[in-house]
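Quick note: the sequence shown, position 164, residue 213 per our numbering, numbers continuous.
Note that the Cβ used here is the ideal one computed from N, Cα and C, for glycine as well.
These numbers come from a predicted model, not from an experiment.
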Amino acid sequence: MTYKMIVLDLDDTLLRDDHTISERTKKALMTAQQQGVKVVLASGRPTFGMNAIADELQLKEYGSFILSFNGAKIINCKTKEEQYSSTLPPDVAHRLYELSKKESVYIHTYIGDEIVTELENRYTTREGEITGLPVKKIDNFIEGVNEPVVKVLMCEDPDKLVKVEQKLKEEFAGTLSIMRSKPYFLEFLEEGVTKGSSLDSLIQSLGIKREEVIAMGDSYNDLAMIEFAGLGVAMGNAPDDIKEMADYVTDTNMNDGVAKVVEKFILAKASV
Numbered sequence: 050m051t052y053k054m055i056v057l058d059l060d061d062t063l064l065r066d067d068h069t070i071s072e073r074t075k076k077a078l079m080t081a082q083q084q085g086v087k088v089v090l091a092s093g094r095p096t097f098g099m100n101a102i103a104d105e106l107q108l109k110e111y112g113s114f115i116l117s118f119n120g121a122k123i124i125n126c127k128t129k130e131e132q133y134s135s136t137l138p139p140d141v142a143h144r145l146y147e148l149s150k151k152e153s154v155y156i157h158t159y160i161g162d163e164i165v166t167e168l169e170n171r172y173t174t175r176e177g178e179i180t181g182l183p184v185k186k187i188d189n190f191i192e193g194v195n196e197p198v199v200k201v202l203m204c205e206d207p208d209k210l211v212k213v214e215q216k217l218k219e220e221f222a223g224t225l226s227i228m229r230s231k232p233y234f235l236e237f238l239e240e241g242v243t244k245g246s247s248l249d250s251l252i253q254s255l256g257i258k259r260e261e262v263i264a265m266g267d268s269y270n271d272l273a274m275i276e277f278a279g280l281g282v283a284m285g286n287a288p289d290d291i292k293e294m295a296d297y298v299t300d301t302n303m304n305d306g307v308a309k310v311v312e313k314f315i316l317a318k319a320s321v
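Written out as structure tokens, the structure reads:
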């Protein structure tokens, strides 16, 4: 199979633990792009938190794309235009806020290029560190969130959040997409929105077949695109149940797992 697209999660996949791309991985991806392969970034991060990485990999020059907010937005890196955008209405955000109070978990969302929350907490602070977005504390979540938002996050200790996830998936079945992007982040998006659905829309617009796509990730919000792609790859640092659903398991994010896939399935074949 000749692969035409590589879709990459960022944190704990493309990026090392210090949020940088290794030289080996960068070289492999740049060589793949030079050979005509599209490199697409797909992350739970907001678009702002992905732009620097897209610039480092020169996605604008190669006419590629960003799937941000777990697929709720598709951004054309060359034109900076939103090819697709999904949002939640304010009343849904307000309902999730009330449930967060009931379940005693933290909650935040995004307005413009800011993370907004009613209660300062280590999880939202961590999100700010990861994305580079400022955290804005508001006095009243319901009054402050009065416009559509791309997604809402509930945050807490992973053991507690698993129980909340199970309960709310039952309550919102058929009405919201719910997934964990990190053990301590539970994300809520419009029904049907995943990295997999966004990837499907993107390749249809480009005339690329799913069999021609490699998708790599490490967490539960990556599962939809791992299952959708022709070659779904789990990182060596992914949970065992993610690995079981993948077609192939590579090395960890700290041991050039992405580079090893690109070298094996794209660059090696190109040199034959």
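DSSP three-state label for A317, please. If you number the sequence shown from 1, residue 317 lands on position 268. A317: helix per DSSP, three-state reduction.
Sorted by chain position, which residues of the same chain lie with C-beta nearer than 8 Å to V198's C-beta, five sequence neighbours on each side aside? Here residue 198 corresponds to residue number 149 of the sequence shown, with the count starting at 1. Counting only Cβ-Cβ distances below 8 Å, and skipping sequence neighbours, we find T136, L137, P139, A142, T158, Y159 and I160.
Judging by CA-CA distance, which residue of Y146, V213 and Q107 is the nearest neighbour of K127? By 1-based counting over the sequence shown, the position of residue 127 is 78. Between K127 and the set Y146, V213 and Q107, the nearest pair of CA atoms involves Q107.
For N322, does the count of other Cβ atoms within 10 angstroms reach 16, so buried, or fall short, so exposed? No answer is possible for residue 322: it lies beyond the span of the chain, which begins at 50 and ends at 321.
Return the chain-ordered ranges of every beta strand (DSSP E) run that is complete within the region 61-109 and spans a minimum of 3 residues. 87-91
Between the alpha carbons of S226 and L238, how many angstroms are there, rounded? Within the sequence shown, the letter at position 177 stands for residue 226. Within the sequence shown, the letter at position 189 stands for residue 238. Each residue's alpha carbon lies about 5 Å from the other.
Within the chosen definition, does the region 249-262 reach the region 210-219 through at least 3 CB pairs nearer than 8 Å? no
Can you tell me whether V321 is buried or exposed? The criterion is at least 16 other CB atoms within 10 Å of its CB, across all chains shown. Translated into the one-based positions of the sequence shown, residue 321 becomes position 272. Its pLDDT being 40, under 50, V321 is placed unreliably by the model, and nothing is read from it.
Once DSSP output is grouped into helix, strand and coil, what is the label at I257? Taking the first residue of the sequence shown as position 1, residue 257 is located at position 208. Three-state result, I257: coil.
Where does A287 fall in DSSP's three states? Taking the first residue of the sequence shown as 1, we reach residue 287 at position 238. In the structure shown, A287 sits in coil (DSSP, three-state: anything other than H, G, I, E or B).
Any idea which residues DSSP pairs S226 with across the strands? Indexing the sequence shown from 1 puts residue 226 at position 177. By DSSP's assignment, S226 forms a beta bridge with L238.
Within this structure, are the beta carbons of E163 and K186 separated by less than 7 Å? As a working mapping, residue 163 is identified with position 114 in the sequence shown. As a working mapping, residue 186 is identified with position 137 in the sequence shown. Not closer than 7 Å, so no.
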